[in-house]
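UniProt numbering applies: residue 1 is where the sequence shown begins, and numbers increase by one. One structure is given here, and the rest of the page talks about it.
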Amino acid sequence: MAERFRVTYATLSDDDPRLHAGYETGVDLARTWLGATITGHISPGETEDVPSVEVTSPHDPGVVVSRVRTSTDRDIADAIAASARADRSWAATPWRDRLVIARRVAELISDRSNELAALMSMENGKNRLEALGDVEEAADMIRYYCDQMEANDGYDHPMATLNPAERTRSLLRPHGVWAVICPFNYPMALSAGPAAAALITGNSVVVKPSHHGAHTAAKLFECLREAGVPDGVAVLLPGGDEVGAALVAHPGVAGVTFTGSSAVGMSIVRDFGVDYPKPVMAEMGGKNPAIVSDKADLDAAALGVARSAFGFAGQKCSACSRVYVVAEVYEEFLASLVAVTESLVIGAPTDRDAFVGPVIDAAAVARYREAVSHAERNGRIAVGGSVLGGSTALPGHYLAPTVVTDLPVDDPLFHRELFVPLTAVAAVADLDEALRLANADPAGLTAGFFSREQSEIDRFLDRIEAGVVYVNRPAGATTGAWPGVQPFGGWKRSGSTGKAGGGRYYLPEFMREQSQTVVM
Ligand SMILES: NC(=O)c1ccc[n+]([C@@H]2O[C@H](COP(=O)([O-])OP(=O)(O)OC[C@H]3O[C@@H](n4cnc5c(N)ncnc54)[C@H](O)[C@@H]3O)[C@@H](O)[C@H]2O)c1
Ligand SMILES: N[C@@H](CCC=O)C(=O)O
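This is the structure in structure tokens:
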């Protein structure tokens, strides 16, 4: 086993050659997995021979990463039935025993972080440090949720009594079959995290990955099996959007954690639980602002904004896609941001030095082209603006990191989540105007602020409407939360529950309270 390194999203220095040697060994192993057929639960009578989707690497459309077999309606119905049967004994398994298994899963993930990260780099284009971070975040989420279960005594507590002959306890109990629907951009952390939370709290879980995360999810399922999660307790159901829709429409699903776009998330929030209310956790899109005061360290601000705007080519829900800068320092900040942006290395995600990799698909390239041409007509491109893919070195969906200026503050580029490496910058009169604009958007996921003045910091923290906020963070103005450190969840259009993953209030969302009074 390769030596372990703990890479987080705030890891800025990566000059240890052993880290890179480990990852490169992972690349060699992951290459041998390319082209595999990804299947999940296949019902008796169904075969592998149903429509499958060929998933190619965003870096190189000539590389087939996987063939994802589409789960059939029968697979889905049978998987949910099997999951419901398995859940009875899983829910009855003492929670401490469930934690032993979950912690084994976390160790297996950490042991395999190099090959899992390398596979992810090929599957969705995430660069090596970010992919290693995604894998390690998955393991740390599991560890954190285990610690939370222990810290809360399995959420089983004695209550007061009104009669000496009576004993009452309050306990949180699982719901049953829990669906986890995952986005393409964090295929380990955002499948393993919610799935582990569901399992630790005694639910069985059915996971529907994105096509560009299905291979990584299949490797997660190998860890679950090897750690001892019983058959049926965790089921993989690969497929497209229609599989996700069929899963949430099935009456046997008791709860759902969805992570993805606001449009899909809001439709699930509206439609899930027709006969009676059922828990739905929807973690959705962002349009995350950074505010730069005239009292800021402008170099730190430029670095933090660039890392958050262009890390994973702008494809994080937490990406910084709009920046409001107090007019006095606007030109100086912009020059610094342009310089940092020009210095970013664009390259194959498995390359050691690459910071910006490809975007996920041709649809993302089309969104970028449209946004750039809109910015050229209505504002100014300060840096970037070109489609780079198609060369021998960069055959896939590569885009230049782009900073757009001189747009009116109500321009759609300040409000549409684009999920490409493009950020819009505007000058504002003061912090009050910046806060008003930041809060005017219906999204409320993350936000960042740069200022050295405490009274301004207090005002920002008091008034900003977002679930995850950072002040003076060059490692990421709006990105880079870590489980147990920064609970991650959105306000307003960005999240449905007001509680956050990787935080103290997450596990109870997967359970329902029962008070039990017994007269002796
Ligand atoms: N708030 C967060 O924590 C968070 C984290 C990561 C990504 N995101 C958001 O996710 C989006 C990017 O991911 P994406 O492009 O994979 O999102 P997406 O909404 O297109 O897809 C997410 C998942 O939902 C499935 N799906 C699609 N239609 C469905 C339906 N009608 N019913 C059930 N499932 C359906 C997809 O197949 C996929 O597995 C961005 O908007 C980003 O901001 C949010
Ligand atoms: N947790 C990640 C974002 C996940 C969304 O895509 C961050 O904090 O940057």
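For each residue, glycine too, the CB sits at the ideal point set by N, CA and C.
Item                                                                                                                 : Value
Integer-rounded CB distance, given that A217 should sit under 8 Å from C182                                          : 7 Å
Neighbourhood of V53 by C-beta distance below 6 Å, restricted to the same chain and skipping five residues each side : V68, H211
DSSP bridge partner residues for W178 (one or two, in chain order)                                                   : V205, G255
Best match in M520, T32, Y505 for proximity to R201 [C-alpha to C-alpha]                                             : With the sequence shown as reference, residue 201 is identified as Thr, and Arg is not the correct amino acid for it. Among M520, T32, Y505, the Cα nearest to that of T201 is on Y505.
Burial state of V274 (16 or more Cβ within 10 Å)                                                                     : exposed
A290 - partner residues in DSSP beta bridges                                                                         : V323, G448
Distance between G22 and S57 (C-alpha atoms, nearest Å)                                                              : 22 Å
Cβ pair V243, S71 closer than 8 Å                                                                                    : yes
Proximity to E417 [Cα-Cα], best of L407, L399, P442, H397                                                            : P442
Length of the line joining the Cα atoms of R463 and E456                                                             : 11 Å
Cβ-heavy atom distance, D241 to ligand 1, below 7 Å                                                                  : yes
Contact with chain B by L116, beta-carbon distance below 8 Å                                                         : Among the chains of the structure shown, chain B does not appear; only one protein chain is present.
Among R167, Y145, Y9, M122, the one whose alpha carbon lies nearest that of V518                                     : R167
Classification of P401 by the beta-carbon crowding that lies within 10 angstroms, buried from 16 upward              : buried
With 16 other Cβ atoms within 10 Å as the buried cut-off, status of V359                                             : buried
Cβ-heavy atom distance, C317 to ligand 1, below 7 Å                                                                  : yes
Boundaries (first-last residue) of the alpha helix (DSSP H) holding Y9                                               : Careful: Y9 lies outside any alpha helix (DSSP H) and carries neither H nor E.
Distance cut-off 7 Å: G480 Cβ against heavy atoms of ligand 2                                                        : yes
Closest by C-alpha distance to R173, when choosing among E136, R225, D134, D87                                       : D87
Residue from G176, G495, A214, L171 whose Cα sits closest to the Cα of A192                                          : A214
Inter-residue Cα distance where the pair is M149 and I101                                                            : 13 Å
Under the three-state DSSP convention, the category H212 falls into                                                  : helix
Contact test: N185 Cβ vs ligand 2 heavy atom, cutoff 7 Å                                                             : yes
Contact under 8 Å by Cβ, N185 with T478                                                                              : no
Cβ neighbours of A362 in the same chain (closer than 7 Å, five flanking residues each side left out)                 : H397
Close beta carbons around D353, own chain, < 6 Å, minus the five adjacent residues each side                         : V345
Beta-carbon gap between A118 and T423 smaller than 8 Å                                                               : no
Pair within 8 Å by beta-carbon distance, L99 and I109                                                                : no
Closest residue to G357 among M120, R459, L431, V253 (Cα-Cα distance)                                                : M120
First and last residue of the uninterrupted beta strand (DSSP E) at Q148                                             : No beta strand (DSSP E) contains Q148, which is instead part of the alpha helix (DSSP H) from 128-151.
Beta carbon of T257 nearer than 8 Å to that of P187                                                                  : no
Helix, strand or coil at F184 according to DSSP, with G and I counted as helix                                       : coil
heavy atom of ligand 2 below 7 Å from Y9 C-beta                                                                      : yes
Residue nearest to residue 540 in terms of C-alpha spacing, selected from A106, A335, A339, A245                     : Outside the displayed span of the chain (1 to 520) sits residue 540, for which this structure offers no information.
At least 3 beta-carbon pairs within less than 8 Å: the region 250-266 vs the region 122-140                          : no
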